[in-house]
Amino acid sequence: MNFTFRGLMVPVFTPFKENMTINLDIINDYAKFLSKSGLNGILVNGTTGEGPSLSKSERLEVAEEWRAATLNTKQHLMVQIGGAPLCDVVELAKHAERIGVDSLLCLPELYFKPQTTSQLIDYLKIISDAAPNTPLLYYHIPQFTEVKIHMGDFMNDICDKVPTFCGIKFTSTCLDEGLLAIQANNRKYAVFLGADHILAGGFTLGFDSAIATSLNLVPQLSFNILNATTNSLIKRARDEQMKLNEAIEIITKRGSWVPTMKAAMNLLTPLNMGKVRQPLSQLTLEHIKEMEEKLKLLNL
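Residue numbers for the sequence shown follow my numbering, beginning at 14 and rising by one.
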């Protein structure tokens with residue numbers, strides 16, 4: 014299976030109206046905004062996009078709208094299909110292939126969790142069979158899924174057992190494990206780092222790609238980090254990482270990742286993503302105002 018995308022991919026927010034229905038009308042402008050920022054890869058319905066909080070029909074609609082938008086912008090479209098009952102995951106995979114998305118990302122089973130690499134491989138084989146012509150990546154995010162299968166072992170074991178398998182999104186700070194995943198099977202697979210605050214360390218160790226929420230807000234910092242590490246400018250990479258981490262610290266001080274990042278998106282860009290959907294907690298107006306004032310001091 015041919016999967017050539019490398020570099021920086023942005024996991025997009027799901028925009029909501031005041032009544033908490035999805036604001037599909039803004040997606041075309043959102044795609045153009047990201048494209049103008051130099052971002053040519055889009056991840057839909059992931060953690061940042063509150064995918065597991067959307068109904069199956071909503072996820073289908075969001076995927077279709079992004080597919081229409083990215084046909085115009087020529088961005089790579091990856092759709093996250095996991096975090097639902099297996100029958101729904103299969104249907105989401107079939108739908109994604111039918112509308113022509115570029116790749117799939119899939120969480121593990123979240124209740125009857127895989128305990129071994131073989132169980133995880135068997136699960137992904139079902140997804141692969143449902144979309145046999147679309148590259149498939151696994152979403153490793155153990156702090157949410159509590160699936161703690163070692164990714165180095167998994168990437169060595171999978172070999173050609175899942176025909177469409179092309180790599181993983183590695184959302185973990187265990188960079189030693191991530192490095193083993195990169196090296197597995199003679200570096201056959203793509204490994205996207207999913208930890209904004211350690212991009213410089215990851216790129217220095219050998220990661221060549223990342224999926225980072227902060228790309229929505231301050232993409233140039235991540236581009237600077239990647240370019241600096243590629244050119245062995247370690248001090249510059251460290252300095253840019255410190256700037257990014259300072260912004261992240263301000264943004265996330267008063268809440269969890271998705272609500273705070275979504276609020277910051279509304280402050281730092283011309284696009285209004287609305288609020289987060291329950292069970293996530295909204296930030297108070299006081300906390301948003303505090304965030305706004307502190308971010309202004311950074312001159313981002």
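Ideal placement from N, C-alpha and C gives every residue a C-beta, glycine not left out. Please read all numbers here as calculations on a predicted model, not as lab measurements.
For Phe220, the secondary structure class from DSSP, reduced to helix, strand or coil, is coil. The region 103–185 is shown to contain whole beta strand (DSSP E) runs of 3 or more residues at 116–119, 149–153, 178–183, in chain order. Under the three-state reduction of DSSP output, Ile55 falls in the strand class. For Leu21, DSSP records a beta bridge to Ala223. Taking one beta carbon from each stretch, the region 241–260 and the region 44–61 have fewer than 3 pairs nearer than 8 Å; the two do not touch.
If you look at Phe205, you'll find it in the beta strand (DSSP E) that goes 203–206. Using a 10 angstroms sphere on the CB of Phe157, the tally of other CB atoms stays under 16, which defines it as exposed.
When the beta-carbon positions are compared, Pro145 and Glu110 come within less than 9 Å of each other. In the DSSP assignment, Met91 falls within the beta strand (DSSP E) that extends over 89–93. Counted as a single uninterrupted DSSP element, the stretch harbouring Ile211 is not any alpha helix (DSSP H), since DSSP gives it neither H nor E.
By the Cβ rule, the region 132–147 does not count as touching the region 68–78, because fewer than three pairs are nearer than 8 Å. For the set Leu284, Ser116, Ser68, Leu310, the Cα lying nearest the Cα of Pro98 is the one of Ser68. Cβ neighbours of Ser294 within its own chain (closer than 8 Å, five residues either side excluded): Gly268, Ser269, Pro272. In this structure, Phe205 lies away from Leu246, with their beta-carbon atoms at least 9 Å apart. Per DSSP, reduced to three states, the secondary structure at Phe236 is helical. Put simply, of Gly287, Leu310, Ile154, Ala143 the residue whose alpha carbon is nearest the alpha carbon of Lys126 is Ile154. Rounded to whole angstroms, the gap between the alpha carbons of Asp42 and Trp79 is 11 Å.
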